[in-house]
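Here the structure comes first, spelled out in structure tokens, and everything after it is commentary.
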Amino acid sequence: MAKVIWITGASSGFGMAVALQLLKQRKHVVCVSARRAHLLEMLVRKGAHAYPLDITETADIGKVQEAIEADHGPIDAVLVNAGFGVYGPIEEVPEEAVRRQFEVNVFGAVETVRSVLPSMRREKRGRIVLTSSSAAHVSSAGMGYYAATKHSIKAIGTALRQEVGELGIDVVMVEPGVVKTAFGQVALEENYMAPKVPDYQNQMDDLKTFMLRAFERAPEVDHTRDIMIKALIEEHVKPVYRTTRGSLALGFMSRLFPARMYDAIVKQAIGRLH
């Protein structure tokens with residue numbers, strides 16, 4: 001059965017990969033949103049319906065949802081995917097950057113969810129897929145603010161699943177580790193905060209080297225993309241999908257080891273690649 005699917009953060013990374021694959025199926029109505037509207041043009045040429053959206057303008061999210069439903073009918077599934085990472089020491093990342101990190105990754109995601117819930121409740125069906133991360137379970141030096149947003153999504157998604165599960169609405173969280181997408185490159189090029197305080201220099205150098213090499217060795221996007229599509233369209237789904245070995249291992253480690261031992265293991269793993 002054809003579904004109306006809304007994908008946020010569709011201009012690159014997982015969002016674009018999922019949209020392209022769904023369009024190849026020529027079965028579903030694929031609606032895409034992103035702040036950089038010109039990057040959606042290729043998807044439109046392939047059959048997508050573009051609804052430009054800056055996810056931080058939360059008042060506009062409901063307008064986009066209403067426009068999609070006016071054009072195509074009730075939204076059957078939404079991939080809440082808009083997000084980015086800011087990397088730097090807790091002390092040094094500017095407040096403005098921290099606020100934007102939470103506005104996009106948390107408040108934008110929450111408002112997207114809120115916008116589709118009334119319609120899904122009326123229809124007594126729907127699917128909400130949240131792009132989370134292995135960072136929902138762990139954190140490390142230089143990644144504190146990004147990890148905090150993903151911890152938030154995990155907590156919100158878990159509560160939401162319990163709240164709407166009996167209303168015919170499924171909530172699914174997809175937790176990839178490092179995957180080859182433009183996300184990692186953009187994060188490092190645009191959102192890596194080089195430390196000004198010398199005390200943090202070695203840690204941040206280690207983190208940057210670790211991330212560069214991790215993305216070089218990372219699996220292609222295909223597997224995570226296919227899991228996201230499964231989460232959007234298949235009848236029976238799991239509440240959580242961890243799509244890479246790294247995401248499975250990190251979730252296990254965070255529960256298994258005492259805090260100080262975990263800190264030492266992560267520091268050693270990152271430093272080894274420097």
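Numbering (UniProt numbering), first residue to last: 1 to 274. The beta carbon of each residue, even a glycine, is placed where N, CA and C say it ideally should be.
Between Tyr87 and Met211, the alpha-carbon positions lie close to 11 Å from each other. Our two residues, Val64 and Ile55, have alpha carbons roughly 10 Å apart in a direct line. For the 8 Å CB-CB criterion, Val197 and Glu69 do not form a contact. Take the alpha-carbon of Ser134 and the one of Gly177: they are about 5 Å apart. For the pair of segments examined, the stretch 212-231 was found not to touch the stretch 105-118: the number of CB pairs separated by less than 8 Å stays below three.
Per DSSP, reduced to three states, the secondary structure at Arg26 is coil, with no helix or strand assignment. Within the stretch 119-164, the complete alpha helix (DSSP H) segments at least 4 residues long are 144-164, listed from N- to C-terminus. As DSSP reads the structure, Leu79 sits in a beta bridge with Ile7, Val129. Sequence-distant partners of Gly9 (beyond 5 residues in either direction) whose C-beta falls short of 7 Å from its own C-beta, in its chain, are Gly15, Ala34, Asn81, Ala82, Gly83. Nearest to Glu166 by C-alpha distance, out of His223, Arg127, Lys208, Asn191, is Arg127. In the three-state reduction of the DSSP assignment, Arg242 falls in the strand class.
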